[in-house]
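S.K.:
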Amino acid sequence: MAEPGVSDVADLLAKTKVEQVNEVSFKGRGMKLDKAEDAAEIVKAVEEAKDLQALRLEGNTVGVEAAKAIAAALEKHPEFERALWSDMFTGRLRSEIPPSLESLGGAVITANAHLVELDLSDNAFGPDGVAACRVLLTSKAVYTLEVLKLNNNGLGVGGGKILSEALIECHTASSAEGKPLALKVFISGRNRLENPGATALSKAFKIIGTLEEVSMPQNGIQHQGITALAEAFSQNNNLRVVNLNDNIFTEKGAESMAKALPNMTSVEVINFGDCLLRSGGAEAIAKAISSTPQLKELILSYNEIRKDAAISVAEAVEGKEHLKKLDLNGNQLGEEGIEELSGTLEAFDMVDVLGSLSDDEGDDIDDDDDEEEAAEEEDQEEEEEGETVDDPELQVRGTAITPTRDNQSPLKVSYTAREFLDSPSADRLLGLGKDRAQLLVRELGDSLDDADCAAQSLMKVASVVTDNTAVKSAAFQCADAILTRSLQSKESQPTLIANGLLVHMGLLKSEEKVQPVGDLQGPLILLQHMFQQVYFPRSLAQLFIAFLTRPNSQLERHAHLQHQILQTLHQM
Numbered sequence: 001m002a003e004p005g006v007s008d009v010a011d012l013l014a015k016t017k018v019e020q021v022n023e024v025s026f027k028g029r030g031m032k033l034d035k036a037e038d039a040a041e042i043v044k045a046v047e048e049a050k051d052l053q054a055l056r057l058e059g060n061t062v063g064v065e066a067a068k069a070i071a072a073a074l075e076k077h078p079e080f081e082r083a084l085w086s087d088m089f090t091g092r093l094r095s096e097i098p099p100s101l102e103s104l105g106g107a108v109i110t111a112n113a114h115l116v117e118l119d120l121s122d123n124a125f126g127p128d129g130v131a132a133c134r135v136l137l138t139s140k141a142v143y144t145l146e147v148l149k150l151n152n153n154g155l156g157v158g159g160g161k162i163l164s165e166a167l168i169e170c171h172t173a174s175s176a177e178g179k180p181l182a183l184k185v186f187i188s189g190r191n192r193l194e195n196p197g198a199t200a201l202s203k204a205f206k207i208i209g210t211l212e213e214v215s216m217p218q219n220g221i222q223h224q225g226i227t228a229l230a231e232a233f234s235q236n237n238n239l240r241v242v243n244l245n246d247n248i249f250t251e252k253g254a255e256s257m258a259k260a261l262p263n264m265t266s267v268e269v270i271n272f273g274d275c276l277l278r279s280g281g282a283e284a285i286a287k288a289i290s291s292t293p294q295l296k297e298l299i300l301s302y303n304e305i306r307k308d309a310a311i312s313v314a315e316a317v318e319g320k321e322h323l324k325k326l327d328l329n330g331n332q333l334g335e336e337g338i339e340e341l342s343g344t345l346e347a348f349d350m351v352d353v354l355g356s357l358s359d360d361e362g363d364d365i366d367d368d369d370d371e372e373e374a375a376e377e378e379d380q381e382e383e384e385e386g387e388t389v390d391d392p393e394l395q396v397r398g399t400a401i402t403p404t405r406d407n408q409s410p411l412k413v414s415y416t417a418r419e420f421l422d423s424p425s426a427d428r429l430l431g432l433g434k435d436r437a438q439l440l441v442r443e444l445g446d447s448l449d450d451a452d453c454a455a456q457s458l459m460k461v462a463s464v465v466t467d468n469t470a471v472k473s474a475a476f477q478c479a480d481a482i483l484t485r486s487l488q489s490k491e492s493q494p495t496l497i498a499n500g501l502l503v504h505m506g507l508l509k510s511e512e513k514v515q516p517v518g519d520l521q522g523p524l525i526l527l528q529h530m531f532q533q534v535y536f537p538r539s540l541a542q543l544f545i546a547f548l549t550r551p552n553s554q555l556e557r558h559a560h561l562q563h564q565i566l567q568t569l570h571q572m
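Structure representation (structure tokens):
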């Protein structure tokens with residue numbers, strides 16, 4: 001074979017495109033920018049930049065006047081393309097953030113810039129923040145937008161709807177000018193979008209049709225919202241990455257997603273971990289996997305999947321030459337099931353793609369059809385505040401059973417917040433209905449001004465947490481409400497709340513006699529969630545690191561959770 005000549009090398013170099021982005025970055029500087037003069041260094045850097053394509057402000061805290069000053073400098077840069085503005089409002093009042101966003105967004109419009117990427121992740125602005133971005137999101141400046149990151153913003157249902165409306169309006173206006181919005185990447189995890197927010201966004205996704213990556217983990221989306229998203233994904237044929245980790249599919253949602261997979265022929269990464277698929281849902285996904293020839297990663301971990309369904313998944317990936325990772329950890333295979341699963345993949349010469357199974361829950365759990373029905377009932381309890389008992393002879397409320405009187409409708413199974421606090425259980429938490437968080441905060445009232453009471457309340461919620469996705473979702477919802485309310489108190493002392501949590505976990509000694517929880521699994525799962533929320537004070541990270549790294553037999557029982565939490569804390 002002839003050696004390549006100079007002309008061949010030149011051709012290769014011509015085909016190699018390295019995109020260089022001229023970026024002004026103040027990432028992680030921890031600058032507190034209140035007044036215009038506080039932002040002088042940033043303003044100068046922006047003004048002196050000859051070709052400013054990207055401005056990164058992550059890891060600082062920007063006030064209203066400082067934002068105006070930066071915006072004035074940004075107005076002079078029509079070449080600006082990437083607004084990398086995540087985590088830049090730490091410690092700011094909720095009322096400060098919208099005007100700051102309006103100033104910066106207005107500057108992009110005034111500059112006649114054309115954004116390619118907008119990253120506003122880890123800013124706790126809620127629906128008001130999205131509303132403040134609406135003018136920008138519907139302007140010509142974002143007709144060219146390819147990447148939109150709104151991760152961990154506390155959007156809620158309202159924010160999801162506002163965002164969807166803005167994207168649809170932008171697509172309509174840009175299409176009218178012959179250059180329709182062609183969004184490629186949409187990231188919006190940990191936002192409590194739930195079914196209405198996810199359904200609203202699915203309408204925008206259907207219309208846009210150019211998505212290549214969608215990441216929406218930890219949003220409390222149940223099968224109705226998953227179905228809406230699945231229908232939207234069917235209209236995005238270039239979709240490569242789908243991450244819906246830690247939502248609540250159940251078998252219904254899995255079946256809807258399975259119907260969409262034949263239209264997602266470009267998909268490379270599927271992450272449906274911790275989604276309560278169960279065996280029926282896993283079987284549905286397995287049957288549809290044949291239509292995904294480019295698949296590189298399939299994540300179905302922590303889904304209560306039994307042996308036979310797991311083997312069906314393994315058989316479904318036979319011949320997938322691009323597959324690098326199959327994650328079925330944390331399911332219910334048992335030792336025999338693990339051996340069969342490994343043997344199945346080994347027969348295809350694909351055992352190397354199988355991830356760790358160290359967290360397998362074993363196969364000694366009753367394989368009862370009632371489990372599947374229970375999952376559906378939990379979904380309905382979220383939406384309907386309880387399940388109706390159909391037995392004409394009985395009505396059930398809490399634990400009391402009495403005969404119904406003639407012509408009297410049966411009551412729903414439900415509990416009061418006080419009943420849960422007096423005797424916490426997963427059933428009682430779910431039985432509080434969709435307004436459980438508000439009910440608990442209302443019942444606790446001013447007691448949440450006291451740090452120890454707040455810690456005790458959080459431990460009561462944590463005590464019922466398991467790997468069950470519906471229970472976890474309900475517990476996270478309540479913990480968010482309780483801790484947010486406690487931290488908002490004028491008397492709030494975050495360090496005392498942290499101390500209280502550590503005492504109740506048995507990691508810190510107290511002068512008072514406090515009986516620590518018997519098992520740390522629930523508290524650790526809840527802490528991992530709370531540490532990832534924008535409301536959690538970052539100043540407490542070192543405190544928790546110090547106590548969570550000390551030798552402790554209880555912690556050693558949950559080493560994987562301990563490791564995950566420490567990773568999160570170190571990132572903080």
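Taking full-length UniProt numbering, the leading residue of the sequence shown gets 1, the next gets one more, and so forth.
For each residue, glycine too, the CB sits at the ideal point set by N, CA and C.
Just so it is clear, the structure is predicted and the values come from calculations on it, not from any experiment.
If you count every other CB in all the chains shown that lies within 10 Å of the CB of S100, and 16 or more means buried, which is it?
M.R.: With 16 or more other Cβ atoms within 10 Å, it is buried.
S.K.: What would DSSP say about D119, mapped onto helix, strand or coil?
M.R.: D119: strand per DSSP, three-state reduction.
S.K.: Whole angstroms is fine: what's the gap from A541's alpha carbon to L548's?
M.R.: Each residue's Cα considered, the two are about 10 Å apart.
S.K.: Whole angstroms are fine: how far does the CA of R192 sit from the CA of Q218?
M.R.: Whole-angstrom Cα-Cα distance: 7 Å.
S.K.: Tell me which residues share the same chain as D34 and place their Cβ nearer than 8 Å to its Cβ, disregarding the 5 neighbours each side in the sequence.
M.R.: Counting only Cβ-Cβ distances below 8 Å, and skipping sequence neighbours, we find G63, E65, A66.
S.K.: Could you tell me whether the Cβ of N552 comes closer than 8 Å to any Cβ of chain B?
M.R.: As a matter of chain content, chain B is missing from the structure shown, which is built from one protein chain.
S.K.: Closest to Q294 by CA distance: which of L323, L300, D363 is it?
M.R.: Of the candidates L323, L300, D363, the one whose C-alpha sits nearest the C-alpha of Q294 is L323.
S.K.: Anyone know if the C-beta pair for F249 and L277 falls short of 8 Å?
M.R.: Cβ atoms of F249 and L277: closer than 8 Å.
S.K.: Alpha carbon to alpha carbon, what distance is there between D435 and T416?
M.R.: The alpha-carbon atoms of T416 and D435 are separated by roughly 11 Å.
S.K.: Spatial neighbours of A107 within its chain, please: C-beta separation below 6 Å, excluding the five flanking residues on both sides.
M.R.: Within the same chain, A107 has close Cβ partners A71, L74, E75.
S.K.: Indicate whether G273 and Y302 have their beta-carbon atoms separated by less than 8 Å.
M.R.: Yes, they are a contact pair.
S.K.: Considering just the uninterrupted stretch of the beta strand (DSSP E) at S139, what are its terminal residues?
M.R.: Unbroken run through S139: none, as it is neither H nor E.
S.K.: Please state if the CB of E213 and the CB of K184 are separated by a distance shorter than 8 Å.
M.R.: In contact: K184 and E213 (Cβ atoms closer than 8 Å).
S.K.: If you draw a straight line from the C-alpha of T484 to the C-alpha of P262, how long is it?
M.R.: Each residue's alpha carbon lies about 43 Å from the other.
S.K.: Use the C-beta contact count for H563: other C-beta atoms within 10 angstroms, 16 or more gives buried, fewer gives exposed.
M.R.: Flag for H563 reads exposed.
S.K.: Taking the alpha carbon of W85 as the reference point, which residue from S95, A124, T110 has its own alpha carbon closest?
M.R.: Minimum Cα distance to W85 is reached at A124.
S.K.: Give the straight-line distance between the Cα atoms of T292 and L181, rounded to the nearest whole angstrom.
M.R.: The alpha-carbon atoms of T292 and L181 are separated by roughly 27 Å.
S.K.: Rounded to the nearest angstrom, what separates A400 and A474 at their Cα positions?
M.R.: Caution is warranted here: a pLDDT of 32 is assigned to A400, below 50, making its placement in the model unreliable, and the coordinate value is therefore given only provisionally. Computed Cα separation, rounded: 24 Å.
S.K.: Can you look up H563 in the DSSP assignment and give me helix, strand or coil?
M.R.: In this structure, H563 counts as helix in the three-state DSSP scheme.
S.K.: Using a threshold of 8 Å, state whether the C-beta atoms of E117 and E79 are closer than that.
M.R.: For E117 and E79, no; Cβs fall outside 8 Å.
S.K.: Straight-line CA distance for S447 to Q521?
M.R.: Looking at the two C-alpha atoms, the distance is approximately 26 Å.
S.K.: CB-CB under 7 Å to G59, same chain, minus the five flanking residues each way: which ones, in chain order?
M.R.: Only K27, G28, R29, G30, D87 meet the Cβ criterion.
S.K.: Where does D327 sit, in a helix, a strand or coil, going by DSSP?
M.R.: D327 falls in the strand class under three-state DSSP.
S.K.: Identify whether L193 lies in helix, strand or coil by the three-state DSSP scheme.
M.R.: Reduced to three states, the DSSP call for L193 is coil.
S.K.: One question on the structure: do S188 and T227 come within less than 8 Å of each other, judged by their Cβ atoms?
M.R.: No. Outside cutoff.
S.K.: Could you name the residues of the same chain whose beta carbon sits closer than 8 Å to that of P98, not counting the 5 residues immediately before and after it, in chain order?
M.R.: Closer than 8 Å at the Cβ level, and outside the excluded window around P98, lie F125, D128, G129, A131, A132.
S.K.: If the criterion is Cβ atoms closer than 8 Å, does the pair A200 and S174 meet it?
M.R.: Cβ atoms of A200 and S174: not closer than 8 Å.
S.K.: Go through its chain and collect everything with a Cβ distance to L502's Cβ below 6 Å, but skip five positions before and after it.
M.R.: Taken in chain order, the residues that qualify are L508, F547.
S.K.: Is S188 helix, strand or coil when you go by DSSP?
M.R.: Correct three-state label for S188: coil.
S.K.: Please report how far the alpha carbon of E346 lies from the alpha carbon of I305, in whole angstroms.
M.R.: The straight-line gap from Cα to Cα measures roughly 20 Å.
S.K.: Count the other CB atoms within 10 Å of the CB of R82; is the residue buried (16 or more) or exposed (fewer)?
M.R.: The residue in question, R82, is buried, as its Cβ has 16 or more Cβ neighbours within 10 Å.
S.K.: Give the straight-line distance between the Cα atoms of H560 and I299, rounded to the nearest whole angstrom.
M.R.: One C-alpha to the other measures close to 18 Å.
S.K.: Identify every residue that forms a DSSP beta bridge with Q332.
M.R.: Beta-bridge pairing links Q332 to R306.
S.K.: Could you name the residues of the same chain whose beta carbon sits closer than 6 Å to that of L543, not counting the 5 residues immediately before and after it, in chain order?
M.R.: Cβ within range, chain order: A498.
S.K.: Using the DSSP secondary-structure output, state which residues sit across from N247 in a beta bridge.
M.R.: BP columns for N247 are empty, so no partner.
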